[in-house]
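Sequential numbering of the sequence shown, starting at 3, is according to the numbering used here. Below is one structure, written out as C-alpha cells, with a few remarks after it.
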Amino acid sequence: MENWLSDRSRSAEASVPGGFDLTECVREPIHLLGGIQSHGTLLAVDTATGLVDTAAANTGAVLGVDAASLAGSPVTRVVAAEDLAEALGATADDDTAVALPVTAGADGHQRPFDLSAHRRDGLLVLEFEPRAEADAFGFTGFHRGLRAALTRLRSSGTVAECCDRAVREIRALTGFDRVVAYRFDEEDGPGEVVAEDVVDHWEPWLGLWFPATDIPPQARRLYRENWIRVIPDVDDVSVRLYPEVRPATGRPLDLSQSVLRTVSGFHLEYLRNIGVRSSMSVSVLRDGALWGLIACHGAAPARLSPEVRSACELFGAAFSLQLAAIEEKDRAGALLETSERTAAIAALLDGGLEESLPEHEAAVRALLHADGLVLARGGRVTTWGVPAPEPLVATLRGYATGLTPGSLWSTDRLPETLLAEAGRSPDAAEDGSAGPAGVLLIPLSGEGEFLAWTRDERPMPRQWAADPAVPVRVGPRGERLTPRGSGAVFRSVMRGRSLPWTSHDTATALELWRILTGLVLRHADALALLNEELRLTNLDLDSFAHVAAHDLKEPLRGISNAATFAIEDAAGLDPTTLRRLETMQRLAGRMDELLNSLLDYARLGRSGLRGRDVSLAEVLDAALEVAGPRLAQDGVTVLRGELPTVHADPDRLYEVLVNLLVNAAKYAGDHDHRTVRVGVETLVPPGASGPQQAVVVRDNGIGIAADQQAEVFNLFRRLHGPTERGGGTGVGLAVVKRIVERHGGRLWLESTPGVGTAFCFTLQAAPAGGSDAASAPGPADGS
C-alpha cells in the first residue's frame, strides 16, 4: 500500500507544474475558467438578437463552422429554428435547464446531438454532446430500472439505510467502481463517508473523514446550484472559448450551470491523487442547504449520456426528499414517544417555573439527557448542574430575543459557534474546558427570557483520510495535496463538542415549550385577574382613607375647640385638670396634622398624573420658596448641579423636592458646614441590570443606620420622637415614594451614619408621542 501511495503521489505531483498554493485553490473562480471538456461543444446565444456571443474553439470539428466565424453570426447557421425556439421556450424560467435530442451542424456536417440548454446573464447557453445512433437510449428498460430503484429507496426507514441503498442504486445505474455517501459535518465543514459501495480490490473509505479544504466554498456553491457534476476523463484536454473574455462584461463566460464546464487543475490533481480517471457528484440538499454528496469514482474514463445523468439527478432529488421524510418521521415519533413524559414533567412545573424548577430540575435535565440547566426569567438567572458563565448567558439572551415563538436554537460545538460572542479564547474552543460544549435553548418571552439545557464536552475520535491541519505536503515537486484513503489514515480527537442534539431532543424541547406556554398563559390570566382585584381593592382603600380622614376631621375639630374653650372659660382649674386639657388640645392638633397627611397620601391614589416636559431647575426654585427658610434656619447651604429637563407631573415633582429638602434640614449634622446638593447622577438602582440617570438629593447630615434604612419610607414611620428633629408626621417620605412609583420610577437611599444621606430617584422613560401618562419619564433627552 505504501508503494502504491508513493506512486500515486508522484503521479499527482507531476500533473501540476510548480508549487501548490491552497489559498489560490480556495480563491479560484471555477465557474469562470473559460473552457469546456472536449467531448462536446458550446454556443452562448444572445436571446434578444439570436446572435452567437461565445463559441467553443472546437465548433469547426463538431458543428462544421469554426468559432471565429460563428461568433457574432446567427445561431441558426448550425441549429434549426424550431429547435432553437423549443430551447428558448423550455428555459423561459432562468433556473430551468433542459436536455433535448436534436440534429445540428452546418450543411453537410449535420449529426444527432444531445442538447443541454440553460440561461445565464441574458444568454441561452447551448451544449452539444454527439450521440451515436448505435447507442440510442433504451428508455423503457432504463425507466423500469429507475422506478424500481426509487421504490427501494422509499422503503428505507433510517438515514443509514437510506444512504446504503442510495450508493448501491447509483452504482448499479452508472457502473462506477466506487460510490460513497458523503455527509458534511456542517455546510462549510469537513465530511464523513457514511455509506459506500466499492469494487473488491479498491481500499474502503467507509468511516473516513475528509478535510473541509477538499471542497472549497466556491465548489460548494455550485453544488447547491447544480444537482449533478460529471467528469468523464481527468486527462481530457480542455477546449478554450472564443472570445476568452466577453467584451460585454470583461470576464469569461459564466459556466456555473454548464454540464461541460472544464475542471480546475487543483481538482484534477486531487482525483489523480486518489487514483481516479472519471467521477460524478450528485448533490444532496436539505432545506436548501448542502447536506452532502453522492460521490462516484471510476478507474477508467466514463461518459454518461444525458438520460443517465438525468436519472441520477432525479435519484439525487428523491434521495434528498427521502432523507427529509425520515427526519420528519423521526421527529414525529420522538414527539409521540416523549409527549407523555414531557406532560408529566410539565405538570410538576404547574406552580410556576421559578417556584417549581428548583425542586424538579433533575427531571427536566434528564428529559434531554443534559448535564446542566439554565433559567433566565424575571431579571434573574439560575443554573443547575454545569455552571453557565455570565458572558454565555448574555449571548444566549441575545439569541432568545431573536427567536420566534415555537422555534429553538441549539449547537453541539459551543466554543466554536459562540467564540466571538462569549469572548472565549481559541484555546478554550479547542479543549472545551471553560464551560458547556452544547446548548439547546427555548425562548420564554420576547425579552430574552429562556430555558436552556447544556451538555458537557464529549471528545470524539475521528479517522481522517489526510491530516486536516496539513492538507498539503512537500514532495519532490514541491507542495502537493496529500494522499487520501485508508492507507494514509490520520487519527485525531475532536474537542469542544458535546453529544449532538437529535430530532428526538428538539421535538421534546418544543413539546415542553408548548405545554409551558399554556401554563404561562393560564398563570398570566390568573395574575391579570388578581391585579384587577388588587386595583379595585386599592381604589376602595384610597377612597376609604380619603373619606375617613375627611369625616374624622370634623369631630376632631370639635374636641380641639372644646378643650380650648374649657381652658379659656373655666376659672380656678386645678393644675392636673389644666395639664390634661392642654394635652388633649395638643394631641388633637397632632391628629389633625396626621389626618391632613393621610388626605394628601390618599389623594395620590385618586388623582392621575399630568406629565409634561419641565425644567428640573425651575421646580427646584419653586420648592426652595417653601423649604428654603427652614434650610436657612438650620444653617444648611443648598448646592446645585446641572439640572436637565425631565418629563413629569410638575406639581408632584415639586412635592417630592419639598419633602426631601425639609428632611435634609431636619437631619442636618452637628457641624458648621451643613450642605444639601441637588443634581443628576448616573447610578445603578437596586435590582437594575444597568446604570440609569437619577435625581439625587445628598446631604452631609446625621445619616441613617443600615438596619433602619428600609423603614424610613413606611407610612407614619419616624426614626425619632415627635418633638425631636423638628417634629413631623412620618408621612413625607412615604408620599415621596408613592409619587416616584406613580411616575414608574424607583426611590432608594444611600446613607452612612455621621457622614450623610443621599435620596435617589429615577423617572420612567417618556411615553411614545409625548402624551400625558400616569408614568412620567426621566431626563427628556434620554441621556
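A virtual CB, placed ideally from N, CA and C, is assigned to each residue, including glycine. As the structure is a prediction and not an experimental result, all values here were calculated from the model.
{"Check": "One or two residues paired with D789 in a DSSP bridge", "Outcome": "Beyond the ends of the chain as shown, which are 3 and 785, falls residue 789; an answer cannot be given."}
{"Check": "F317 versus W466: straight-line alpha-carbon distance, rounded", "Outcome": "29 Å"}
{"Check": "Touching by the beta-carbon criterion (3+ pairs, under 8 Å), the stretch 405–421 and the stretch 437–448", "Outcome": "yes"}
{"Check": "Of the residues V660, A634, T639 and M586, the one placed nearest L618, counting alpha carbons only", "Outcome": "V660"}
{"Check": "Residue ranges of each beta strand (DSSP E) within the stretch 251–301, 3 or longer", "Outcome": "280–288 and 291–300"}
{"Check": "For G37, the three-state DSSP class (helix, strand or coil)", "Outcome": "strand"}
{"Check": "CB of R612 within 8 Å of CB of G637, strictly", "Outcome": "no"}
{"Check": "Assigned exposure category for P249 - 16 Cβ within 10 Å defines buried", "Outcome": "exposed"}
{"Check": "C-beta contact flag for L125 and T93 at 8 Å", "Outcome": "no"}
{"Check": "Backbone secondary structure at V660 - three-state DSSP", "Outcome": "helix"}
{"Check": "Collapsed DSSP secondary structure at F178 in the structure displayed", "Outcome": "coil"}
{"Check": "Candidates M586, S281 and P245: closest to V236 by CA position", "Outcome": "S281"}
{"Check": "Segment limits, alpha helix (DSSP H) that includes E620", "Outcome": "L618 to Q635"}
{"Check": "Simplified DSSP state of A99, which is helix, strand or coil", "Outcome": "coil"}
{"Check": "For L44, three-class secondary structure by DSSP", "Outcome": "strand"}
{"Check": "Close Cβ partners of P688 (< 7 Å) along its chain, the five nearest in sequence each way excluded", "Outcome": "W750"}
{"Check": "Inter-residue Cα distance where the pair is W211 and V195", "Outcome": "7 Å"}
{"Check": "Cα-Cα separation between E26 and R185, rounded to whole angstroms", "Outcome": "Any reading at E26 must be qualified, since the residue scores a pLDDT of 47, below 50, and its modelled position is unreliable; the value itself is stated next. Each residue's alpha carbon lies about 25 Å from the other."}
{"Check": "Among A390, V616, E584 and L501, the one whose alpha carbon lies nearest that of L453", "Outcome": "A390"}
{"Check": "Those residues which DSSP pairs with Y244 across a bridge", "Outcome": "A57"}
{"Check": "Separation of R497 from P428, as counted between CA atoms", "Outcome": "Residue placement at P428 is poorly supported in this model, since its pLDDT is 41, which falls under 50; the coordinates still yield a value, given next. Whole-angstrom Cα-Cα distance: 12 Å."}
{"Check": "Alpha-carbon to alpha-carbon, V241 and R113", "Outcome": "20 Å"}
{"Check": "CB of L270 within 8 Å of CB of A58, strictly", "Outcome": "no"}
{"Check": "Through-space distance from R156 to L325, alpha-carbon basis", "Outcome": "10 Å"}
{"Check": "Paired residues, beta bridge with P652 - DSSP", "Outcome": "For P652, which the question treats as bridged, DSSP gives no partner whatsoever."}
{"Check": "L375 - DSSP class collapsed to helix/strand/coil", "Outcome": "strand"}
{"Check": "Close beta carbons around R305, own chain, < 7 Å, minus the five adjacent residues each side", "Outcome": "H41 and P234"}
{"Check": "Segment limits, alpha helix (DSSP H) that includes T403", "Outcome": "E392 to G404"}
{"Check": "Selected residue, minimal CA-CA separation from T684, among V698, V678 and D674", "Outcome": "V698"}
{"Check": "Which listed residue (I328, A346 and V261) has its alpha carbon closest to that of S307", "Outcome": "V261"}
{"Check": "Length of the line joining the Cα atoms of A760 and V664", "Outcome": "14 Å"}
{"Check": "F317 in three-state terms, based on DSSP", "Outcome": "helix"}
{"Check": "Contiguous alpha helix (DSSP H) assignments of at least 4 residues, all confined to the stretch 156–232", "Outcome": "161–176 and 219–227"}
{"Check": "Close-in-space but distant-in-sequence residues of the same chain around L152 (CB under 6 Å, 5 per side omitted)", "Outcome": "A320"}
{"Check": "E198 versus V169, A327 and V310, residue with shortest Cα-Cα distance", "Outcome": "V169"}
{"Check": "Closest residue to T264 among A624, H745 and T43 (Cα-Cα distance)", "Outcome": "T43"}
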